[in-house]
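Have a look at the structure below before the remarks.
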Amino acid sequence: MYVAVKGGEAAIENAHSLLADRRRGDRSVPALRLDQIVEQLALGVDRIMAEGSLYDRELAGLALKQSRGDMTEAIFLVRAYRTTLPRFGYTRPLDTAALAIERRVSATYKDLPGGQLLGPTFDYTHRLLDPALAGDELAKAPAQRQVDPAPMPRVSDLLDDEGLIEADGAVPAGKPVADITREPLEFPLERDARLQALARGDEGFLLALAYSTQRGYARTHPFVGEIRIGEAELGLDVPELDFPVPLGTIRVTECQMVNQFKGSSKVPPQFTRGYGLVFGQSERKAMAMALCDRALRAAEFGEDIVAPAQDEEFVISHSDNVQATGFVEHLKLPHYVDFQAELDLVRRMRAEFEAGLGEDERREAAE
Amino acid sequence: MQASTAIQGGFRSSVFDSQSVFRAVMDAMARPGSRRRVAALTAPPPPMSPLAGAVALALCDHDTPVWLDRQLSTPLVREWLGFHSGAAVTPITTEAHFAFAAAPDELVALESFAQGSQEYPDRSTTIVLQVDSFDAGTPLTLAGPGIERTATIAPSPMPRHFIAQWRQNHARFPRGVDLILVSRDEIACLPRTTRIEAAQTGG
Amino acid sequence: MRSAGAGAKAESEMRRQMIAVLAHAPSSRLARLWSDAGFAVVAEPVRGPETGLVTVRGRIGGGGAAFNVGEATVTRATVRLASGEVGHSYALGRDADKARIAATIDALWQKPELRARLEDLILGPLRLEHAGQAGRRAAEVAATKVDFFTMVRGED
């Protein structure tokens, strides 16, 4: 009934050269250079780095060009590339209190030390398309102002004094830091493993879940304690040097979400927290991550688990867009044999149905 | 001066050298008992042998804790392994992904290493033994997957009560350890699937 | 003993800062300064340059337990001078030339008699340029600081 299907080789080869042609588009239009992508589509590049889980602007720019602007494909390319590299080690945990700040705002404290720095934000723009940007409009040099040398403590450290806010998160003592890239997921997860998964999770998926918590599917009464974006120094311990070797800086976005909590039998009333930390400049992602982090801590606080955003297995198992696209998109690959088998089965069931079998037998046949 | 010994003697061409050693280990593992001639390509601090060093650099990395026997556990060997492979040395046998022994006849029991679990039998220790010869020891007649009829090797020295220990190791399948034997210039492997049919003398 | 220990510590810290300057340096700029400086040196490669990953860690809540955020590319190199000094370099990115030059500078820096020249010709300019750029960026961000006016009402 079936023969092995061959003969796709030439078609595939030609499809790939057609892809290359369509990717390049009209030859009279200059080709995009990677530095143009990295400089001018920086937030797209940041998203690829965050969800590709690999901080390298140039590679992310290349991936975006190769994928014709398809973010999920670009993220896939970056993930594939990172598997080819050896691992030199784990950095010292980066210190977000010491970021070289690019933006820092708090929705809970107006006058916090260091102040509110809006940075390069889309907030307060009118969201009107700007025809001037269609050309090569020269941006004027940004204004400058004397830098306030005062330190800029994390807002969570300021709130600590009254004991009304929970401390920074802990995991059981002596437990090695979870690494979902080395160990298969086993539910329930500790918070460190969840945060690693959320940090590389799909922005759209996490945004939708975060939104669901605001609309009543697991209410967590959130406030943005602080968002900060900036450059963090990285240090790596290596056997050949007796100090953590400085690697340079990466840009990160951190979100401290503060959530009202009325208390439970286990915990007195206080503010609890959700945390977001992502590569690059992406406060939407960091905020969504923080909201999801808090929702996923329901069991820890003895809250009822009633909504999808609180269901760890649901959220974490479906947050990775490379896995998701792999499984969804594989459906378009040849399933000729599977489908023939299904076709036979449906034909048989239909024949039995038409022969007037009873309800129960029909159900059995379907199984 | 110590530092300069620990940083020298790695692969000259890390990609191609590690690939050629990996290929030899893979072939030897696929055909248990067969001997693969391999250029040593490394110069580790003694008593680690150049070929054992090459196997270490091909297989070990930052994510594979390594156990060393008493003879190998010198500061220089540790530093050399750390610098060239990134692997950390662990004193705990059950945490080791790889174990290296310069004195196989003094090795602790095979069952004291990680055996893997029923779900993840791969989470076991692969033990690399530096042997002097593949001809001078008790001839072992091997059978099992990857061996058409039987294969024979006579490695020496080997762990004490090796035949009995190997029988137990085989009985733990799918759990158990795998062995990589390295002489001066050859590699042979005994994966856990391999049975010792008969030892021709002694045992 | 104590003063020798403190000396070694200060030396380590100086070396760490020097490596930081090199890690921050744009690779074309470093290559330029290096070739202009004209050090006649033969550095034998011991390891690399090779590119790999580091897993970047953060802390839960900013200051709590560590967790893995993602990976970053890093290129490293180790070289050895004929006179025996071993130099290392590590920096984010995939620039092999930068790694080789930085490792060679690290090896040269271990000869005390060369430090002043390295500082004048390479490290000093890089430090200055980095500080200048960081200062400019900080001043631009500072200009976006909100100065709240509070409408004073009766009760205060």
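Chains as they are written, first to last, in the numbering used here: chain V, 1 to 367; chain Y, 368 to 570; chain Z, 571 to 726.
Every residue, glycine too, gets a C-beta built ideally from N, C-alpha and C.
For this session: Using a Cβ cut-off of 7 Å (strictly closer), state whether G376(Y) contacts chain V.
Result: No, its Cβ sits nowhere closer than 7 Å to a Cβ of chain V.
Problem set entry | Environment of A11(V) [buried if 16+ CB atoms lie within 10 Å] | So A11(V) counts as exposed.
Exercise. Per DSSP, what kind of secondary structure is D665(Z) in: helix, strand or coil?
Worked result: In the structure shown, the three-state DSSP call for D665(Z) is coil.
Problem set entry | Proximal chain Y residues relative to R706(Z), where beta-carbon distance stays under 7 Å | Those within 7 Å of R706(Z) in chain Y number zero; the least Cβ separation is about 38 Å.
For this session: Compare the C-beta of V147(V) against all C-beta atoms of chain Z and say whether one is closer than 7 Å.
Result: So, interface residue.
Problem set entry | Pair within 7 Å by beta-carbon distance, A218(V) and A295(V) | Yes. Within cutoff.
Exercise. Roughly how many angstroms lie between the CA atoms of R379(Y) and H451(Y), to the nearest whole one?
Worked result: The straight-line gap separating the alpha-carbon atoms of R379(Y) and H451(Y) is approximately 11 Å.
Exercise. Counting along the chain, where does the beta strand (DSSP E) carrying P615(Z) start and finish?
Worked result: Per DSSP, the unbroken beta strand (DSSP E) holding P615(Z) starts and ends at 613–629.
Exercise. With C-beta atoms as the reference, is Q260(V) less than 7 Å away from H221(V)?
Worked result: Less than 7 Å separates the beta-carbon of Q260(V) from that of H221(V).
Exercise. So which of L496(Y), P526(Y), R516(Y) has the shortest CA-CA distance to T339(Y)?
Worked result: Only positions 368 to 570 of chain Y appear in this structure, which leaves residue 339(Y) out of reach.
Exercise. To which residues of the same chain is I227(V) closer than 6 Å at the C-beta, ignoring the five residues directly before and after it?
Worked result: Same-chain partners within the cutoff: V105, C255, E283.
For this session: Pull up the CB-CB distance for G114(V) and D168(V), whole angstroms please, since I reckon it's below 8 Å.
Result: About 19 Å separates the beta carbon of G114(V) from that of D168(V), a gap too long to meet the 8 Å contact definition.
Exercise. Does the separation of the CB atoms of T96(V) and L236(V) fall below 7 Å?
Worked result: One thing to note: T96(V) has its Cβ no nearer than 7 Å to the Cβ of L236(V).
Exercise. Mind checking if V649(Z) is an interface residue toward chain Y, Cβ cutoff 7 Å exclusive?
Worked result: Taking Cβ atoms only, chain Y never reaches closer than 7 Å to V649(Z), which makes this a no.
Exercise. Taking all protein chains shown into account, do 16 or more other C-beta atoms lie within 10 angstroms of the C-beta of D344(V), making it buried, or fewer, making it exposed?
Worked result: Around the beta carbon of D344(V), fewer than 16 other beta carbons lie within 10 angstroms, which makes this residue exposed.
Exercise. List, in order along the chain, the chain V residues whose C-beta lies closer than 7 Å to that of T714(Z)?
Worked result: Within chain V, the residues L117, L118, G119 have their CB atoms less than 7 Å from the CB of T714(Z), given in chain order.
Exercise. So with Cβ pairs under 7 Å, would you call R87(V) a contact of chain Y?
Worked result: True, the Cβ-Cβ gap to chain Y drops below 7 Å.
For this session: Classify L507(Y) as helix, strand or coil using the three-state DSSP reduction.
Result: Here L507(Y) sits in strand by DSSP.
For this session: Answer yes or no: does any C-beta atom of chain Z fall closer than 7 Å to that of Q270(V)?
Result: Not one chain Z Cβ lies under 7 Å of Q270(V).
Exercise. What residues of chain Y sit near R670(Z), judged by a beta carbon separation below 9 Å?
Worked result: Within 9 Å Cβ-Cβ: nothing; R670(Z) doesn't reach chain Y, min ~15 Å.
For this session: Could you have a look at Y109(V) and say whether DSSP puts it in helix, strand or coil?
Result: In the structure shown, Y109(V) sits in coil (DSSP, three-state: anything other than H, G, I, E or B).
Exercise. Would you say V616(Z) reaches chain Y, if we count a Cβ-Cβ gap shorter than 7 Å as a contact?
Worked result: True, the Cβ-Cβ gap to chain Y drops below 7 Å.
For this session: Would you kindly check if the distance between the Cβ of D502(Y) and the Cβ of A476(Y) is under 7 Å?
Result: No, they are not a contact pair.
For this session: Please work out which residues of its chain come closer than 6 Å, Cβ to Cβ, to E203(V), disregarding the five sequence neighbours upstream and downstream, and give them in chain order.
Result: So the qualifying residues of the chain are K285.
Problem set entry | Rounded C-alpha distance that separates L333(V) from D311(V) | Counting only the Cα atoms, D311(V) lies some 31 Å from L333(V).
Exercise. Taking the C-alpha atoms as reference points, what is the distance between G513(Y) and P488(Y)?
Worked result: Cα to Cα, G513(Y) sits roughly 19 Å from P488(Y).
Exercise. Are the region 641–650 of chain Z and the region 670–681 of chain Z touching, with three or more C-beta to C-beta distances below 8 Å?
Worked result: Segments in contact, yes.
For this session: Could you list which residues in chain Y have their beta carbon closer than 9 Å to that of E329(V), in chain order?
Result: Using a Cβ-Cβ cut-off of 9 Å, E329(V) is close to nothing in chain Y; its nearest Cβ partner there is about 29 Å away.
Problem set entry | Under 7 Å from the C-beta of T220(V): neighbouring residues of chain Z | Those do not exist, as T220(V) stays about 16 Å from chain Z at its closest Cβ, beyond 7 Å.
Exercise. Looking at C-beta atoms only, is the number of pairs between the region 75–90 of chain V and the region 46–64 of chain V that lie closer than 8 Å three or more?
Worked result: The region 46–64 of chain V and the region 75–90 of chain V touch, with three or more beta-carbon pairs separated by less than 8 Å.
Exercise. What's the call for M571(Z), buried or exposed, on a 16-neighbour Cβ count within 10 Å?
Worked result: A caution first: M571(Z) carries a pLDDT of 43, below 50, which makes its placement in the model too unreliable to give a value.
Exercise. Taking the continuous beta strand (DSSP E) assigned at C255(V), which residues delimit it?
Worked result: Looking at the DSSP string, the run of the beta strand (DSSP E) that includes C255(V) is 245–261.
Problem set entry | Stretch pair the region 625–639 of chain Z + the region 603–614 of chain Z: three plus CB contacts closer than 8 Å | No: fewer than three Cβ pairs fall under 8 Å.
Exercise. Going by Cα to Cα distance, which pick from R559(Y), A454(Y), Q497(Y) is closest to S473(Y)?
Worked result: Here residue 473(Y) is Glu; the residue named in the question, Ser, does not match the sequence. Of the listed residues, the one whose Cα sits closest to E473(Y) is Q497(Y).
Problem set entry | Alpha carbon of A538(Y) to alpha carbon of D499(Y), nearest angstrom | So the two alpha carbons sit approximately 28 Å from each other.
Exercise. Is V456(Y) closer than 7 Å to V319(Y) when the C-beta atoms are compared?
Worked result: With chain Y represented from 368 up to 570, any question about residue 319(Y) goes unanswered, as that position is not in the structure.
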